[in-house]
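Chains as they are written, first to last, in this note's numbering: chain C, 1 to 295; chain L, 296 to 684; chain Y, 685 to 882.
Cβ coordinates follow ideal geometry from the N, Cα and C atoms, glycine included.
Structure record follows, encoded as structure tokens.
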Amino acid sequence: MPDSLINDPVNPAVNPVEPFLRSDRMPSIWCPGCGIGTTVNSFARALIDSKIDLQSLALVSGIGCTGRVAGYVKLDSFHTTHGRAIPFATGLKLANPKLNVIVYSGDGDLSAIGGNHLIHAARRNIDLKVICVNNLIYAMTGGQTAPTTPEHSTTSTNPYGVFEPAFNLPHLVEAAGAVYVARWTTFHVRQLTRSIGEAFQKKGFSFIEVISPCPTLYQRRNKMGDGLDAMKFYKEKSKVRNGAPTSEVGLTMTGEIVVGKFVDRERPDYQTLMRAQYAESLGERFVEQAEMVCS
Amino acid sequence: MKADPRGVLTGVHFMDGDHACCEGALAAGSRFAAGYPITPSTEVVERFASRVPTVGGTFIQMEDELAASITLQGAVWAGAKAFTVTSGPGFSLMMEHIGYAAMTETPCVFVDVQRGGPSTGLPTLPAQADMMQARWGSHGDYEIIALCPNSPQECFNLTIKAFNLAEEFRVPVMFMMDECVGHMTEKVVIPPADQIEVVPRRHTHKPVDEYLPYETNGDLVPEMAHAGEGYNFHITGLTHDERGYPNMTPQIQDKLVRRLQNKILQAADRIAMFEEEQLEGADVVVVSYGITSRVAQRAIEAARGRGLRVGKLRLITAWPFPDKKIRELAAKVKAFVVPELNLGQMVREVERAAAGQAKTFAVPHAGGGVHNPEDILKVIVEAGRCQTA
Amino acid sequence: MQLTEIRIAGFGGQGVILSAIVLGKAASIYQGAYATMTQNFGPEARGGACSAQLVVSDSPVLYPYVIQPDILVVMSQEAYVRFGSELKDGGIMIVEQDLVRVSDLNKEIQVYSVPATRIAEDLGKRMVLNSVMVGFFTAVTHLLDPDAVRKAVADSVPPTFRELNLKAFERGLEYGTIALSASPSLAEEELQAQYSRE
């Protein structure tokens, strides 16, 4: 696509990210004011900026509102089972290391039903780029409590208020071994775009959390207004603290939202370690994995 | 197409069923396995973990069976032939992804080395009590293929067959071993690679702009593309149209689910494999599979020694169930005797297919060991006395 | 070769399973017969007791398990206590004579004793006691062709220990041949010999 088209200020009718989307599937199922589409915009812009080979990309989603991202991007895309986007993506990456594999899913999918896979993929340092859209609630099923739902907010399964503590996802994945950890809100579209681009440069398990509004369920039930109110809220409450200790970035219902790039470190990824181990132990008997296309 | 010689351990071996299954997978061209340790199946992946880096491939031990059973499917969509291996409790956890493989038509193999259940049951002792779970364990309507080896040699031969069927029909194939066969050591002959037939992926030859992931032409099995080839395809476990896009209308559901069933059912006769013996003129036919077929053989021979006319039908393919074969036999024989290491699973299928034309006798066993051949003999004798239905 | 059921039992580290593998290979690969080997798995197979079952025959082996062994090889007292009574009338019992005290036998069986561990130690490696045992087994049972067993030993052990294991096999074979040329001791005689030593 010509650059002139992408950044054409006089022709706003052309959406620059349109070539990355399956326009035959529009409109999307997402509600007015939902933040997921905003994150997809940032993702598409990051693809443009990074000049990454689109054919090398595979995008994997689990189940939920964010799980539908796989269905809207014009890439090899996999809408898998609930919680299992990461292990599916692991199989793609290990069988074809040339692929750039993105996991794009929601907070409930990745950290509740898929929580075990999340920490183990981070521990192994599988070379995956995980974009976790955190709307603080189970939205597709109608507003139930998620592991990320802040205490004292109300959900359909905690109608008298959530009393169980929430996960601090950046802290969790850093402890498990992620090499790149960042958090933004859907208010921070440029920063988010930049972070996704940075994650593409990293080899290893990268995790970007995007705080995103669910006006239909979380906002409404907690009297937090609509999508625009969410943007105002994010703008007001967000504090950019790059390098902040992840132990200090837990979210509360109305408190500060610490955003920024928290972790950017080097650790050899799973396949690098695997090859090194085999080469050392097996010497000449080690055979590098050939391309697995068994056609 | 012939097997890649790098994966074929040509020679004569004294090997157990678990190891033979691994060699079968390698001979079939599998270079990817994801697993989770569970007795009595672990030896399959232990051997794969040791062998695969010397032939170019990957084994990963996942955090649980849920992960293992979907990781392998990611590998398939990247071009690999892949499998996982488990036993009862792990097989239960894998059900979700057997459904996903059926729905997305991901060719792959699930090996289940059956042990006694329910729950943790008998980790080190045999059963054949997952037969119905293999067929019906995931929700929704779908068909799978299931094979039952009865020796280490068959663990090798039929694992190759399992991969071939998976590729031919784009279906998850259940490889239903049992603890006895898995842990039994016998001579296993592995032929040269050029004598091993391997079915390649049904990869599309269409240009990118003409390819639809779930378009079929006549034989009901669509062509595949792999991630990274530029097809920009979409795969989902939701009900989908030929483009692979979610489309949740009753019409699309009907069309899709019927095709998923019919691609197997219409080929059932071609898929069916048996071992038959003295069926002609038999009064009683013993229907068995897996380890029980070997135990039953003793009883069959003892019954013949007493002058009874006893035939043997060993099911090598358990699913799709060979209705036609049982129906044909039911018209000629007095009774079927079905010994199995469960309290009555495949016997129901025999009874259903016989449709009252012949009587059906179960010889149940709760597992933990194999039948005493005497117990099978008693039922054969009883069945021989019964009046024709 | 008639259908013959064999149980080999001892404790972990004695090469019980390997012995069964060698004999099974000899029968099925080098002698054109059939063999099925099974072993006990699970918690009971860790550490202490260890047992392998082998069924050999001229025709394909169907029923894979040993119901009543024709030949019992015992390499520990525990194994003797656990399996001694199941031996078929007229069967053969082979014992590691330094580790097993034969008593309470009321069947007509033939007992052959060999100090397999000591012989292995004399050769410099206790580890090869299973090859001594296999050699002795070959000599006293006449079940398998010594050449077939020799080949099976050679291809079942790591190359660096091949020579030593073959040597151990020959020593066991030799010991068995001598034991056989002396009149085979019936259980009673063996018992008496035991008592007279005390």
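Is the distance from the Cβ of L/Ile530 to the Cβ of C/Phe78 below 8 angstroms? yes
Using a beta-carbon distance below 8 angstroms, is L/Phe569 in contact with chain Y? no
Would you mind reading off the limits of the alpha helix (DSSP H) that contains Y/Tyr718? No alpha helix (DSSP H) contains Y/Tyr718, which is instead part of the beta strand (DSSP E) from Tyr718 to Gln723.
Relative to the alpha-carbon of L/Gly651, which residue among L/Glu575, L/Arg604, L/Arg346 and L/Val628 has its alpha-carbon at the smallest distance? L/Val628
Distance cutoff 8 angstroms, beta carbons only. Does L/Arg346 sit that close to anything in chain C? no
Give me the subset of the region 506 to 529 of chain L whose CB atoms are less than 9 angstroms from a CB atom of chain C, sorted by chain position. Met519, Ala520, His521, Ala522, Gly523, Glu524, Gly525, Tyr526, Asn527, Phe528 and His529
Could you tell me which of L/Ala648, L/Glu474 and L/Asn557 sits nearest to L/Gly662, measuring between CA atoms? L/Glu474
Does the distance from the CB of L/Thr454 to the CB of L/Ala648 come in under 8 angstroms? no
Contact list for L/Gly330 against chain C, beta-carbon separation under 7 angstroms: The contacting residues do not exist; L/Gly330 stays about 12 angstroms from chain C at best.
Taking 8 angstroms as the CB-CB limit, is L/Pro487 close to chain Y? no
Please classify C/Ser62: is it buried, with 16 or more other beta-carbons within 10 angstroms of its beta-carbon, or exposed? Before going further, note that residue 62 of chain C is Gly rather than Ser in the sequence given. Per the 10 Å Cβ criterion, buried.
Taking the straight line between their C-alpha atoms, what separation do you get for C/Pro159 and C/Gly197? 40 angstroms
Could you tell me which whole beta strand (DSSP E) segments of length 3 or greater appear in the region 631 to 670 of chain L? 654 to 659
Express the C-alpha separation of L/Phe378 and C/Glu288 in angstroms, rounding to a whole number. 20 angstroms
Can you tell me whether DSSP reads L/Ile609 as helix, strand or coil? Residue identity differs from the one stated: residue 609 of chain L is Arg in this sequence, not Ile. If DSSP states are grouped into helix, strand and coil, L/Arg609 belongs with the strands.
Given a cut-off of 8 angstroms on the beta-carbon distance, is the pair L/Glu318 and L/Ile485 in contact? yes
Helix, strand or coil for L/Met479 per DSSP? coil
Kindly give me the distance between the Cβ atoms of C/Ala89 and C/Leu128, rounded to whole angstroms, as I take these residues to be in contact under 8 angstroms. 5 angstroms
Pull up the distance between the alpha-carbon of L/Val581 and that of C/Leu99, whole angstroms please. 52 angstroms
Is DSSP giving L/Cys403 helix, strand or coil here? strand
Would you mind reading off the limits of the beta strand (DSSP E) that contains Y/Ile690? Thr688 to Phe695
In terms of residue numbering, what span does the alpha helix (DSSP H) encompassing Y/Val758 cover? Run containing Y/Val758: none in the alpha helix (DSSP H); it sits in the beta strand (DSSP E), Ile755 to Val758.
So the candidates are L/Leu624, L/Thr587, L/Leu603 and L/Ala630; which of them puts its Cα closest to the Cα of L/Ile611? L/Thr587
For C/Gly67, I'd like the list of residues in its chain whose CB is within less than 7 angstroms of its CB, leaving aside the five on either flank, ordered along the chain. Ser61, His79, Ser105, Gly106 and Asp109
Based on Cα-Cα distance, which residue from C/Val259, C/Ala230, C/Pro19 and C/Ile29 lies nearest to C/Glu209? C/Val259
Beta-carbon within less than 7 angstroms of L/Val339's beta-carbon, same chain only, minus the 5 sequence neighbours each way: which residues are those? Asp313, Cys316, Cys317, Val380 and Val406
Residues in its own chain within less than 6 angstroms of Y/Tyr764 by CB, not counting five upstream and five downstream? Val758 and Val784
Could you tell me which whole beta strand (DSSP E) segments of length 3 or greater appear in the region 559 to 597 of chain L? 569 to 572 and 579 to 583
Can you give me the Cβ contacts of C/Pro97 inside the same chain, cut-off strictly under 7 angstroms, excluding the 5 residues immediately before and after it? Gln271
C-alpha distance - Y/Asp740 paired with L/Ala653, whole-angstrom precision: Reading off the sequence, residue 740 of chain Y comes out as Val, not Asp. Computed Cα separation, rounded: 38 angstroms.
Taking DSSP as the reference, what is the three-state secondary structure of L/Asp425? coil
Below-8 angstroms beta-carbon distance, C/Gly177 vs any chain L residue: no
Throw me the rounded Cβ distance for the Y/Ala800 and Y/Phe820 pair, which I believe falls under 8 angstroms. 7 angstroms
Using only the alpha-carbon positions, how far apart do C/Arg221 and C/Gly142 sit? 11 angstroms
Using a Cβ cut-off of 8 angstroms (strictly closer), state whether Y/Met817 contacts chain L. no
Based on the DSSP output, what are the partners of Y/Gln737 in its beta bridges? Y/Arg691 and Y/Thr722
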